[in-house]
Every structure is written in C-alpha cells, then in structure tokens.
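Presented below is the structure to which this report refers.
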Amino acid sequence: MESIGTLVVGAGITGLATAAALDGEDYLVLEADREMGGYCKTIRKDGFVWDYSGHFFHFKHPEIEAWLRERMAGQRIRVVEKKSFIAYGGKWIDFPFQKNIHQLEKDEFVDCLYDLYFARAPAELLGPGAPARPPETNFKEMLYGRFGRSIAEKFLIPYNEKLYATDLATLDRDAMGRFFPYADLTDVVRNMKVADNASYNSTFTYPEGGAFEYVKALASAVGPGRIALSEPLASLDLEKKVARTARREVRFERLVSSAPLPSFARIANVSHDASVFSWNKVLVLNLGFDRKGPRDVHWVYYPGRDTVFYRIGFYDNIFDTDRMSLYVEIGFPRGAAVDEEALRARVLADLERQGVTSGHRLVAWHSVVMDPAYVHVTRRSMAEQKRLAERFAEASVHSIGRYGAWTYCSIEDNIVEARALVRTF
Ligand SMILES: Cc1cc2nc3c(=O)[nH]c(=O)nc-3n(C[C@H](O)[C@H](O)[C@H](O)COP(=O)(O)OP(=O)(O)OC[C@H]3O[C@@H](n4cnc5c(N)ncnc54)[C@H](O)[C@@H]3O)c2cc1C
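With our numbering applied, the sequence shown corresponds to residues 8 to 432, in that order.
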C-alpha cells in the first residue's frame with residue numbers, strides 16, 4: 008500500500024490551490040474527470056472561446072491575482088469595467104435593480120420608493136402606529152424586509168427563483184453572503200443623482216484564453232506526476248486513514264476534499280442527513296453567431312417568467328471580437344429533466360424576441376449542465392456541514408471549496424481557503 012502525506016480529492020481550483028500551497032511536500036491529487044479544472048474549464052470551438060459558464064473574475068487580494076499573473080506569461084488579460092443590465096418592461100435598466108428604480112416608469116418607481124421607504128425608514132420618522140418590521144428569518148423575508156414589496160416582487164424574487172429553482176423561503180437569510188448587492192435607503196436615493204452602481208463585481212478580469220488559464224497557472228505550481236486523472240476516490244476508511252480508488256489503496260496522514268459534500272460523506276461512509284442538501288443545476292448554452300450583436304454590455308439579467316434564461320453574458324464585448332459570443336444560463340431543480348435541444352430552440356426564440364439577436368445565424372454552440380451549480384444554503388445545511396466538518400477533522404480530513412463546504416463563493420475564495428488550510432498543517 009502507498010503512503011502519502013496529503014491526499015487531495017479533486018483537481019478543480021480548490022484542489023489545485025491546495026496542492027500548489029503544499030509546495031513540494033508529499034501529496035497526490037485524485038481527479039475523477041479526464042481533465043483537471045472542475046467547473047473552470049474552457050472550450051474552444053470554431054474560433055469561439057467559452058467557459059463552462061460565465062466566469063468573470065473579481066480579485067480582492069492583489070497578491071493572489073499577482074501570483075496567478077506571474078504564471079500566465081504571454082496571456083492577454085483585461086480588466087474591464089462591467090456593464091450589466093436588467094431586462095425589465097421592454098428596456099434595459101442598470102444593475103442592481105434596487106439602486107436604479109428611478110430608471111423605471113413613474114408609477115413603478117413610486118411603488119418601489121414608497122414600499123422601500125416604509126420598509127426601511129427609521130421608526131422615529133414613521134411615528135407611533137407604524138407597522139412592526141416583519142421578521143427576516145429567511146432569504147425571501149430578507150428581500151421583503153430590506154427592500155419592500157415592490158422591489159422584491161418586481162425583480163429580486165422572480166430573478167432569484169429562476170436562478171435557484173426553489174422556494175426562496177427555504178434559503179438562509181444570508182444564502183448569498185457578500186455576493187448579494189445590498190443597498191439602503193440612502194444609497195438608493197443618492198444613486199438617483201450620482202450613479203454609483205459599485206457592487207462586489209464593479210470591474211472584472213478576464214484572460215483571453217478563458218477561465219482555464221487560471222487553472223493552468225495553479226497547475227504550474229503542482230509537481231509533475233502529482234495529478235492522477237480519471238481516478239475517482241471510491242471509498243474511504245476514516246479510522247484507518249486509507250483511501251481506495253480502482254487503481255490503488257493509499258494510506259494518508261491528512262486528506263483535503265473538494266468533491267461535493269453529500270457525495271464525499273457517502274464515500275467516507277459517515278452517517279449524515281442527506282435530505283438537508285439540495286441544490287439547483289444550471290444548463291449553460293454557449294452560442295456563437297455569424298456577426299456582432301449589442302455592444303457595451305457584458306451581462307444582462309432576465310427576471311421575466313416569459314423568458315427561459317435568467318442571465319446571458321457577452322464574451323465578444325470583453326476583447327471586442329467581431330462575432331457575438333454568448334453564454335446563456337437556465338436554472339432547474341436538481342431532479343428536473345433537461346431537453347437540451349428543445350431548450351436551445353427556445354433560447355434562440357427568446358433571444359430574438361428580446362432583441363439580443365435580429366436575424367443572426369447561430370454558427371457554433373456548446374452546452375453543459377452544471378450539477379450541482381448553486382447549492383441551497385439553508386440553516387439545516389449549514390448545521391450539517393459544520394457537524395460533518397468536525398467529524399472529518401477528527402481524522403485530519405477537510406472538505407473545502409464551493410461544493411466541499413457547501414457554500415456560495417468565487418474562485419478567489421477557493422484559493423484563499425485552500426491556502427489558509429494548508430498553513431494550519
Ligand atoms: C453558474 C456558475 C457561475 C460561476 N461564475 C463564477 C465567476 O464568474 N467567477 C468566479 O470566481 N467563480 C464563479 N463560479 C464559482 C466557481 O466556478 C467555483 O468557485 C470553482 O470553480 C469551484 O472550484 P472547486 O475546485 O471548489 O470545485 P469544482 O470545480 O467542482 O472541482 C471539484 C473537482 O472534484 C472532482 N471530484 C468530484 N468527486 C470526486 C471524487 N470522488 N474523486 C476525485 N475527484 C472528484 C470533480 O471532477 C472536480 O474536478 C461560478 C459557478 C457557477 C456554478
């Protein structure tokens with residue numbers, strides 16, 4: 008039987024960042040897929056460059072971005088001021104909706120401002136007899152409580168229901184963490200005169216070769232022969248600290264997994280409540296057209312139920328290439344059947360109706376179902392994740408990453424988390 012210091016499960020961003028941080032120590036990375044990269048893979052087809060889904064990058068830690076860039080010699084990387092919109096009422100208004108209600112028709116603007124005011128104004132201004140503030144115990148209540156009925160029902164609820172494909176009342180209040188663009192009454196009113204749509208992603212970075220360039224940068228710091236592709240972890244004995252694949256048995260000192268938490272708990276044979284873990288899946292359609300479409304736009308949100316997708320993004324407006332190159336995202340409950348061909352036809356019809364295409368010819372496409380895509384962060388999932396993390400830690404096992412820790416995060420968060428964990432070894 009082989010012995011290894013650290014066994015890493017998964018060669019996505021998290022697993023590779025862990026391996027890179029181990030810096031020459033004794034480790035092996037097991038990857039189930041034929042290729043590394045996890046959800047950060049890039050596809051090239053007929054001159055188009057597409058990611059598995061729209062991956063635009065927002066670095067908060069300059070040293071992480073610099074570390075990656077040092078390993079991306081010759082790669083053109085652009086930092087772009089994002090232009091994002093919401094398709095609403097037959098026009099595009101600036102994102103985020105809650106800070107741009109003044110761009111709505113007057114009656115809708117009045118409804119939104121009125122409801123926001125009475126949801127948020129200080130109690131002393133409202134005087135006695137004002138209704139008590141409703142509770143904010145879940146995501147849906149938080150949307151009503153923070154923004155009032157009109158903003159919630161015109162955009163925040165329908166959009167997030169399309170994305171998460173679930174009842175938003177089941178999600179934790181902070182299900183989106185820092186990724187939720189909060190705005191208070193003052194922000195909203197100030198924005199009516201001085202546009203400041205800054206959110207966590209007001210600029211983004213994108214490499215010409217696609218998201219996979221970051222994967223390659225991380226992998227360049229992983230020793231040769233340390234990644235075993237097409238070799239899934241099949242079972243785990245936590246007491247003996249032995250992992251099994253179809254090819255080998257490995258005794259490890261510690262293990263870091265980025266596999267989805269419910270499947271890892273099953274592989275590790277740890278008793279857990281599988282019913283607390285739910286998620287959506289996202290069909291991503293990457294579409295290449297014969298000519299240019301709208302300019303000065305990077306992505307657009309579609310809250311309307313009459314449109315099948317919840318978001319589209321324009322790769323061709325990053326490097327200003329001459330043919331429209333889109334990603335289109337559609338959310339589904341995890342068990343739903345996905346008829347990709349029928350959906351592609353529906354997407355093309357909706358793009359035409361929405362004015363994104365006007366007689367454009369589709370010349371290349373690719374699709375992928377990300378399953379899980381957005382995990383449903385609930386109170387029960389958070390409690391079970393914590394309990395499992397404590398149980399795993401007893402055996403020097405750590406389940407991290409977007410799916411390993413069952414959370415909402417970015418690739419930079421994955422790198423930060425992996426590095427922080429390795430520092431504790
Ligand atoms: C729709 C969507 C859009 C996103 N957009 C952005 C964005 O714009 N910017 C951004 O920063 N982030 C974005 N993200 C998040 C980003 O994709 C993730 O944070 C990141 O890719 C997660 O990396 P990971 O390594 O934790 O997980 P994964 O990429 O899922 O990697 C896990 C790896 O483990 C492997 N594995 C699973 N089970 C086993 C097993 N039993 N044995 C061995 N290997 C196994 C898998 O094959 C996979 O390669 C987006 C995510 C989604 C779903």
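Backbone N, C-alpha and C define an ideal beta-carbon position, used for all residues, glycine too.
Proximity test, residue i beta-carbon vs ligand 1 heavy atom, cut-off 8 angstroms
i, result
"R409", "yes"
"H367", "no"
"E88", "no"
"M43", "yes"
"I11", "no"
"T385", "no"
"L240", "yes"
"P188", "no"
"A270", "According to the sequence shown, residue 270 is Ser rather than Ala. Because some heavy atom of ligand 1 lies under 8 angstroms away, the Cβ of S270 counts as near it: yes."
"V16", "yes"
"L37", "yes"
"Y46", "yes"
"T21", "yes"
"V291", "yes"
"P267", "yes"
"N421", "yes"
"F102", "no"
"H65", "yes"
"Y95", "no"
Exposure label - residue i; buried when at least 16 CB within 10 Å
i, result
"M8", "exposed"
"A126", "buried"
"S365", "exposed"
"E220", "buried"
"Y207", "With a pLDDT of 49 at Y207, under the threshold of 50, the modelled position of this residue cannot be trusted, and the question is left open."
"P142", "exposed"
"G96", "exposed"
"V289", "buried"
"Y151", "buried"
"N276", "exposed"
"P138", "exposed"
"E38", "buried"
"R85", "exposed"
Close Cβ partners of residue i (< 7 angstroms) along its chain, the five nearest in sequence each way excluded
i, result
"R430", "none"
"G184", "Y415"
"R41", "L236 and S237"
"M377", "Y46, Y59, S60, K288, V289 and V291"
"L75", "Y221 and A224"
"A226", "L23 and M43"
Proximal residues to residue i (C-beta, below 6 angstroms), its chain only, five neighbours per side dropped
i, result
"F271", "S264 and S406"
"S10", "R258"
"G17", "S265 and A266"
"E424", "I407"
"G311", "none"
Chain D contact for residue i (CB, 9 angstroms cutoff)
i, result
"A272", "Any reference to chain D falls outside this structure, which holds one protein chain only."
Beta-carbon contacts of residue i that lie in its chain and below 8 angstroms, excluding the five residues immediately before and after
i, result
"E246", "A402"
"Y381", "L170, Y171, W286, N287, V289, G338 and Y415"
"I274", "L240, A241, S242, L243 and A266"
Can you list the beta strand (DSSP E) stretches of 3 or more residues lying completely in the region 77–104, in chain order?
-> Within the region 77–104, the runs of beta strand (DSSP E) that reach at least 3 residues and sit entirely inside it are, in chain order, 84–88, 91–95 and 98–101.
Taking only runs of the beta strand (DSSP E) that begin and end inside the region 329–391, which ones reach a length of at least 3 residues, in chain order?
-> Listed in chain order, the complete beta strand (DSSP E) runs (minimum 3 residues) inside the region 329–391 are 332–340 and 369–377.
Segments of 3+ residues assigned as beta strand (DSSP E) that fall wholly inside the region 255–339 = Contiguous beta strand (DSSP E) elements confined to the region 255–339 occur at 256–264, 287–296, 306–308 and 318–321, taking only those with 3 or more residues.
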